[in-house]
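Protein chains in written order, with our numbering: chain A, 30 to 158; chain B, 72 to 448. Accompanying notes for the structure given below.
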Amino acid sequence: MAEIQNPAWPDLVARDESGAYLQGYCCSSCGRMTLGRREVCPACWKTNTLVPAKLGRRGTLYSATRIHQGPAGFAGAYDVGYVDIEGGLRVFAHLKGVLKPGAEVALDIGHVKTDGQGKPMTGPIYGAA
Amino acid sequence: MAAGKAGIVGVGLTAFDKHDDRSIEDLGREATIAALADAGVTRADVQAVFCAHLYGGEVLGQRILRGLSFPEVPILNLENACAGGSSAVRDAWQAIANGQHDLVLAIGAEKMGRGLINFVSPDVEQVLGITPPAQYALAAQRHMHEFGTPPEAFAEIAVKSRMHASRNPNARFRDTVTRAAVLESRPIAEPLTLLQCCRNGSGAAAVVLASEAWCRKRGTDAVWVRHSALASWMSDFTQKDLTDFGATRRAASAAYEATGIGPDDLDVVELHDAFTCGELLHWEGLGLCKKGEGAKLALDGATALGGRVPVNVSGGLLSKSHPLGATGVAQFAELTWQLRGTAAGRQVEGAKVALAHSQGGVSLEAGATCVALLTRD
Chain A
30 MAEIQNPAWP
40 DLVARDESGA
50 YLQGYCCSSC
60 GRMTLGRREV
70 CPACWKTNTL
80 VPAKLGRRGT
90 LYSATRIHQG
100 PAGFAGAYDV
110 GYVDIEGGLR
120 VFAHLKGVLK
130 PGAEVALDIG
140 HVKTDGQGKP
150 MTGPIYGAA
Chain B
72 MAAGKAGIVG
82 VGLTAFDKHD
92 DRSIEDLGRE
102 ATIAALADAG
112 VTRADVQAVF
122 CAHLYGGEVL
132 GQRILRGLSF
142 PEVPILNLEN
152 ACAGGSSAVR
162 DAWQAIANGQ
172 HDLVLAIGAE
182 KMGRGLINFV
192 SPDVEQVLGI
202 TPPAQYALAA
212 QRHMHEFGTP
222 PEAFAEIAVK
232 SRMHASRNPN
242 ARFRDTVTRA
252 AVLESRPIAE
262 PLTLLQCCRN
272 GSGAAAVVLA
282 SEAWCRKRGT
292 DAVWVRHSAL
302 ASWMSDFTQK
312 DLTDFGATRR
322 AASAAYEATG
332 IGPDDLDVVE
342 LHDAFTCGEL
352 LHWEGLGLCK
362 KGEGAKLALD
372 GATALGGRVP
382 VNVSGGLLSK
392 SHPLGATGVA
402 QFAELTWQLR
412 GTAAGRQVEG
422 AKVALAHSQG
432 GVSLEAGATC
442 VALLTRD
């Protein structure tokens, strides 16, 4: 599994031989899927039932915008949006070459911002599938 | 279960501006002094205080009021993002309607710097670069996709805001603007341009509320808070209808149901127009028009002074700027003046029923919306 350099957010995205994916979890008790580490399943509240799941390789773009004024670490304009993926989940990510709601998109990992030392940080970037 | 009503007997407002050399405590004191004077009461009459802010630090209410030698009454400080001010008024209404107190003060105050808000607890969306304008822009883009709403509809809301502000001596940005100038101003997060986004500001507002019994005993006129509904939105990477922005529809429905007042009964509305597209989506959430038909309302003048349901005749957040904790309380000041018939230059003739709406949150994952209904009688 290729190491994700300087991630903007820990344990969010990763890569395997099939490509990039979001590091999610599936509850082995109730089947609910989630993104991000947590102690309890948000649906059934059981602990120790969340099993890692590779999610979001592909999705449908729900909405998008081009941000011209971003916070520190974001220079110039950048495209962002919400992507609907499996498990009834919706994820916020950067976009490349696609802005139209309804478009089918595929996940990649790339530079999304710059850290305090001027080094690029990586995160999820969806492009046209 | 419907609570009773509470009467607004005094309101006070500072200018919303940079106020670089004034402290948040000084701003809070100015608003408090004005509200108590307007109510004709002294500090000895106030039985409890609710104080809303986001970034004012520990026990802000106490820090404000110790400088006015206030009696050591119960003071609760609350944070509910940009809905905090409305939540403070709601708490005051509840305390009175539930019979706990006869006279309560609600304060909202904020001191802000320049530039984008630095969230205290940034989540993954913020770290990845979402901004408040972008949150609203994403809702707008979906609305444009589903309903064909043109960017001109959003821009027209800024034109309306400045037109109203030009008539409001309390507003900060009072120069009128054309639709073209709005559309051509600097892009922020498409379709939002600079003139479609509210500006940071510092300021404070305060409202004195009293029970029916207190008003009767003193022979005091009041504007009545009939109900205040608070709804939360909490999203855990879930797929929600973004064109139903925040929790406006739920909070409004609860308020309408509790009072029997409907959207067609409204004479004047102050709502959370942090961004033009927000106002349009909130019209739909409040039931001022059908879902998806906001563009029609934007372009036919229905929500301008003189229209069917004037919205943000104060100029709103877009033209007043937005001190986060103060904004919600300031809406109650404006609507009190409207229902008293003393809103100079921008009076909605014969206004008897008003709605106050404000909303705030962290990305689109967590937030609060508060809707209150006020009547003249």
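Each residue gets a CB set at the ideal place from its N, CA and C atoms; glycine is no exception.
CB of residue i within 7 Å of CB of residue j, strictly
i, j, result
"Gly89 (chain A)", "Gln212 (chain B)", "Rather than Gly, the amino acid found at residue 89 (chain A) in this sequence is Thr. Not a contact, by the Cβ cut-off of 7 Å."
"Ala300 (chain B)", "Ala318 (chain B)", "no"
"Gly127 (chain B)", "Ala106 (chain B)", "no"
"Thr347 (chain B)", "Gln267 (chain B)", "yes"
"Thr314 (chain B)", "His393 (chain B)", "no"
"Ala281 (chain B)", "His298 (chain B)", "no"
"Ala157 (chain A)", "Gly131 (chain A)", "no"
"Phe87 (chain B)", "Gly387 (chain B)", "no"
"Asp137 (chain A)", "Ile154 (chain A)", "yes"
"Asn239 (chain B)", "Ser385 (chain B)", "yes"
"Ala82 (chain A)", "Cys55 (chain A)", "yes"
"Tyr111 (chain A)", "Tyr91 (chain A)", "yes"
"Leu357 (chain B)", "Cys153 (chain B)", "no"
"Ala110 (chain B)", "Val80 (chain B)", "yes"
"Lys391 (chain B)", "Arg185 (chain B)", "no"
"Gly99 (chain A)", "Gly78 (chain B)", "no"
"Thr76 (chain A)", "Val69 (chain A)", "yes"
"Pro36 (chain A)", "Thr143 (chain A)", "no"
"Ser157 (chain B)", "Cys441 (chain B)", "yes"
"Val175 (chain B)", "Ala119 (chain B)", "yes"
"Ala369 (chain B)", "Ala205 (chain B)", "no"
"Leu23 (chain A)", "Gly53 (chain A)", "Absent from the model: residue 23 (chain A). The displayed extent of chain A is 30 to 158, so no value can be given."
"Val400 (chain B)", "Ala236 (chain B)", "no"
"Ala437 (chain B)", "Met305 (chain B)", "yes"
"Gly365 (chain B)", "Trp354 (chain B)", "yes"
Amino acids of chain A, ordered along the chain, whose beta-carbon sits closer than 9 Å to that of residue i
i, result
"Val253 (chain B)", "Within 9 Å Cβ-Cβ: nothing; Val253 (chain B) doesn't reach chain A, min ~15 Å."
"Pro222 (chain B)", "Per Cβ cutoff of 9 Å: no residues; Pro222 (chain B) is ~12 Å from chain A at best."
Interface partners of residue i on chain B, CB under 8 Å
i, result
"Thr76 (chain A)", "Here the premise fails: no neighbours, minimum Cβ distance about 17 Å."
"Gly65 (chain A)", "Val195, Phe308"
"Leu136 (chain A)", "Those within 8 Å of Leu136 (chain A) in chain B number zero; the least Cβ separation is about 14 Å."
"Gly152 (chain A)", "Leu199"
"Leu41 (chain A)", "Val195"
"Pro149 (chain A)", "The contacting residues do not exist; Pro149 (chain A) stays about 13 Å from chain B at best."
"Pro81 (chain A)", "Under the 8 Å cutoff, chain B gives no residues; its nearest Cβ is about 16 Å from Pro81 (chain A)."
Chain A residues whose Cβ lies nearer than 8 Å to that of residue i
i, result
"Gly200 (chain B)", "Ile96, Gly99, Pro100, Gly102, Phe103, Tyr107, Val109, His123, Val141, Lys142"
"Ala260 (chain B)", "Thr94, Arg95, Ile96, His97, Gln98"
Cross-chain neighbours of residue i in chain B, by beta carbon under 7 Å
i, result
"Arg119 (chain A)", "Phe308, Thr309, Gln310"
"Ala37 (chain A)", "Val198, Leu199"
Residue i beta carbon near the ligand SAM (any heavy atom closer than 6 Å)
i, result
"Ser157 (chain B)", "As far as ligands go, the structure on display features none, and thus does not contain the ligand SAM."
Contacts that residue i makes with chain B (C-beta to C-beta distance below 9 Å)
i, result
"Pro71 (chain A)", "Asp307"
Partner residues on chain D for residue i, Cβ-Cβ distance less than 7 Å
i, result
"Leu352 (chain B)", "The chain inventory of the structure shown lacks chain D, comprising the protein chains A and B."
Handout entry: Uninterrupted alpha helix (DSSP H) stretches inside the segment 276 to 310 of chain B (no shorter than 4 residues)
Key = 283 to 289
Handout entry: Inside the segment 147 to 211 of chain B only - beta strand (DSSP E) runs reaching at least 3 residues
Key = 174 to 181
Exercise for the section: Residues of the segment 88 to 113 of chain A with a CB closer than 9 Å to any CB of chain B: list them in chain order, please. Expected result: Tyr91, Ser92, Ala93, Thr94, Arg95, Ile96, His97, Gln98, Gly99, Pro100, Ala101, Gly102, Phe103, Ala106, Tyr107, Val109, Gly110, Tyr111, Asp113
Practice task
May I ask you to verify whether the segment 325 to 343 of chain B touches the segment 114 to 125 of chain A, counting CB pairs closer than 8 Å and requiring at least 3?
Solution key: Not touching, per the Cβ criterion.
Exercise for the section: Could you pull out every unbroken beta strand (DSSP E) segment of at least 3 residues lying fully inside the segment 74 to 101 of chain B, listed in chain order? Expected result: Taking only runs of at least 3 residues, the beta strand (DSSP E) segments lying wholly in the segment 74 to 101 of chain B are 77 to 84.
Practice task
Mind the definition here: the segment 413 to 432 of chain B touches the segment 179 to 189 of chain B only if three or more C-beta pairs lie below 8 Å; say whether that holds.
Solution key: no
Handout entry: Residues from the segment 302 to 317 of chain B in contact with chain A, defined by Cβ distance under 9 Å
Key = When CB distances to chain A are screened at a threshold of 9 Å, the residues of the segment 302 to 317 of chain B falling below it are Ser306, Asp307, Phe308, Thr309, Gln310, Lys311, Leu313, in chain order.
Handout entry: Chain-ordered residues of the segment 205 to 236 of chain B with a beta carbon less than 7 Å from chain A
Key = Listed by position, the residues of the segment 205 to 236 of chain B near chain A (Cβ gap below 7 Å) are Ala205, Ala208, Leu209, Gln212, Arg213, His216.
Problem - beta strand (DSSP E) runs contained entirely in the segment 213 to 288 of chain B, provided each spans 3 or more residues - result: With a minimum length of 3 residues, the continuous beta strand (DSSP E) runs that stay inside the segment 213 to 288 of chain B are 258 to 260, 274 to 281.
Exercise for the section: Take every Cβ of the segment 112 to 130 of chain B, pair it with every Cβ of the segment 142 to 159 of chain B, and state whether three or more of those distances are shorter than 8 Å. Expected result: yes
Practice task
Spell out a yes or no on whether the segment 403 to 413 of chain B and the segment 164 to 172 of chain B are touching, meaning 3 or more CB-CB pairs, one atom from each, closer than 8 Å.
Solution key: The answer is no - the segment 164 to 172 of chain B does not touch the segment 403 to 413 of chain B, with fewer than three Cβ pairs under 8 Å.
Problem - Inter-stretch contact at 8 Å, needing at least 3 Cβ pairs: the segment 283 to 295 of chain B / the segment 427 to 442 of chain B - result: Here the segment 283 to 295 of chain B makes no contact with the segment 427 to 442 of chain B; the two share fewer than three CB pairs at distances below 8 Å.
Handout entry: alpha helix (DSSP H) runs contained entirely in the segment 48 to 90 of chain A, provided each spans 4 or more residues
Key = none
Practice task
Mind checking the segment 380 to 401 of chain B against chain A and listing, in chain order, the residues whose C-beta falls within less than 9 Å of any C-beta there?
Solution key: none
Exercise for the section: Anything in the segment 120 to 134 of chain B with a Cβ closer than 9 Å to a Cβ of chain A? List those residues in chain order, please. Expected result: none
Practice task
Check whether the segment 90 to 97 of chain B touches the segment 131 to 147 of chain B, taking contact to mean three or more Cβ pairs, one atom from each stretch, closer than 8 Å.
Solution key: yes
Practice task
Could you list the residues in the segment 170 to 195 of chain B with a C-beta less than 7 Å from some C-beta on chain A, going in chain order?
Solution key: Leu187, Val195
Exercise for the section: Specify whether the segment 248 to 263 of chain B and the segment 218 to 233 of chain B touch according to this definition: at least 3 beta carbon pairs, one from each stretch, less than 8 Å apart. Expected result: At 8 Å Cβ cutoff, the stretches touch.
Practice task
Let me know the alpha helix (DSSP H) ranges lying completely inside the segment 334 to 402 of chain B, each 4 residues or longer, listed in chain order.
Solution key: 347 to 357, 365 to 370, 387 to 391
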